[in-house]
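I have placed the structure first, in the form of structure tokens, so that the comments after it can refer back to it.
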Amino acid sequence: MLTRLEVRGFKNLLDTRAEFGPFTCIAGANGIGKSNVFDAIEFLSYLASDPLVEASQRVRGSAGMRGGGVRDLFWDGYRDHERRIDLAVEMLVPAEVEDDLGAAGRLSDLAGVRVEDLTVELNQVREVFTLVLRERGGPRLPARALSVGTLRFLALCVLLEDPGLTGLLCMEEPENGIHPANLPSVMQLVRDLAVDPSDAPDETNPFRQVIVNTHAPGVVQLCDPSDLPLAELAPHRTAEGNSVRARTLLPFRDSWRTQSASRSFSEADVLSYLTAPIGAQLQLPMVLAG
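The sequence shown lines up with residues 6 to 295 when you count with the working numbering.
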């Protein structure tokens, strides 16, 4: 389990420090570089087994594509200046490292999905397996007939039921394709994927850590504030003395993540996630909303 990450000089992570628990949700605006944290973690994992050049080519580059050069991973990597990346991590490692799909009940948590059962059927002619969902009092639906949101939810269910899946899972925007009424079920499922730190890891409590990122107000509102670092751009002075804007992660005020942080955020800093947008045409009356 990754408990602390320090990154300097990787993409726009010029001086980023972050604490991680079993579950972490990184919130921030579009295009601010939330995914660069995932890229840094992925780069570290490849460096454990691959040479530098090969590891860099497996990571998303500056154009969003894989297979680029090492310079893509440096801050302003194509300018003629000193280029350096510093990466440091703290981790908890278990002493020993070693379906039934179980998903029908979870799918029934989704509003509008009435599941009788799930089966995997073999097509002898095409020699392929097909996932089939049977609705209560309704038709049998192959996976290709299911919505993207339902398939994403089902994939998470399968991960949850696999005790052999351990380690760190990074997810981009788990709310994609999900109806707002189903966000609580999805976020509960994502949290359930993470190890319960109050119990010893075993087959019923796999040693898994989950880090997600989001810019969805519904997801932010459903997260425990202590699980919610805020990504923002902050002024940073480079070694050459230039002032640039770099990505940083701020913990919620008074949470355990503030122990090693010089700054934090409060509800006032995330009003756009907690209130209706300016110009909203449809809202609950204040009496009902309160």
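In this text, a Cβ means the ideal position worked out from N, Cα and C, and glycines have one as well.
Integer Cβ distance of residue i from residue j, believed to fall under 8 Å
| i | j | result |
| --- | --- | --- |
| A60 | A236 | The Cβ separation is near 24 Å, so there is no contact. |
| L198 | L161 | 7 Å |
| V191 | I183 | 5 Å |
| C30 | V224 | 7 Å |
| L233 | M96 | Not really, about 22 Å apart at Cβ, beyond 8 Å. |
| E132 | P168 | So it is not a contact: roughly 29 Å between Cβ atoms. |
Heavy atom of the ligand SAM within 8 Å of residue i beta-carbon
| i | result |
| --- | --- |
| L156 | Absence of the ligand SAM from the depicted structure is noted, as is the absence of any ligand whatsoever, leaving it without description. |
Cutoff 9 Å: residue i Cβ touching any chain C Cβ
| i | result |
| --- | --- |
| V163 | Note that chain C does not occur in the displayed structure, where there is just one protein chain. |
Own chain partners of residue i with C-beta closer than 8 Å, once the 5 adjacent residues on each side are dropped
| i | result |
| --- | --- |
| A281 | Q288 |
| V137 | L123, T124, V125, E126, R145, L146, P147, A148 |
| S260 | P230, S231, S269 |
| L49 | L92, V94 |
| F15 | N41, D44, A45, F48, L78, F79, W80, I90, L92 |
| Q264 | E24 |
| G66 | G72, G73, G74, D77, L78 |
| D55 | R63 |
Residue j beta carbon less than 9 Å from that of residue i
| i | j | result |
| --- | --- | --- |
| L372 | L170 | Nothing can be reported for residue 372: it is not among the residues displayed for the chain, which extend from 6 to 295. |
| R142 | N187 | Checking the sequence shown, residue 142 turns out to be Gly, not Arg. Cβ atoms of G142 and N187: not closer than 9 Å. |
| L173 | I216 | yes |
| T253 | L238 | yes |
| A266 | E24 | yes |
| F43 | Q214 | no |
| E166 | E140 | no |
| Y278 | P222 | yes |
Local Cβ density within 10 Å of residue i, reported as buried at 16 or more and exposed below that
| i | result |
| --- | --- |
| F134 | exposed |
| T124 | exposed |
| S203 | exposed |
| G26 | buried |
| A2 | Because the chain is modelled from 6 through 295, residue 2 falls outside the range shown and cannot be assessed. |
| A93 | exposed |
| R63 | exposed |
| N35 | exposed |
| I90 | buried |
| I46 | buried |
| D85 | exposed |
| N128 | exposed |
| G246 | exposed |
| R71 | exposed |
| L19 | buried |
| V58 | exposed |
Cβ shell of residue i (< 6 Å), same chain only, five flanking positions each side left out
| i | result |
| --- | --- |
| F255 | Per the sequence presented here, residue 255 reads as Leu, with Phe not at that position. Counting only Cβ-Cβ distances below 6 Å, and skipping sequence neighbours, we find L235, R268, S269, F270. |
| N181 | none |
| R262 | E24, P256 |
| R9 | E24, E95 |
| E178 | T219 |
| M176 | V217 |
Sequence-distant residues of the same chain with beta carbon closer than 7 Å to residue i, five excluded per side
| i | result |
| --- | --- |
| C242 | Going by the sequence as given, residue 242 is Arg instead of Cys. Cβ within range, chain order: S248. |
Runs of alpha helix (DSSP H) wholly within the stretch 111-188 (minimum 4 residues, chain order): Entirely contained in the stretch 111-188, the alpha helix (DSSP H) runs reaching 4 residues are, in chain order, 153-165.
Which parts of the stretch 29-82 are runs of the alpha helix (DSSP H), unbroken and 4 residues or longer, counting only runs that do not cross its ends? With a minimum length of 4 residues, the continuous alpha helix (DSSP H) runs that stay inside the stretch 29-82 are 40-52, 57-62.
Suppose only complete runs of 4+ residues qualify. What are the alpha helix (DSSP H) ranges in the stretch 194-278, listed by chain order? Runs of the alpha helix (DSSP H) lying entirely within the stretch 194-278, each at least 4 residues long, are 222-227 in chain order.
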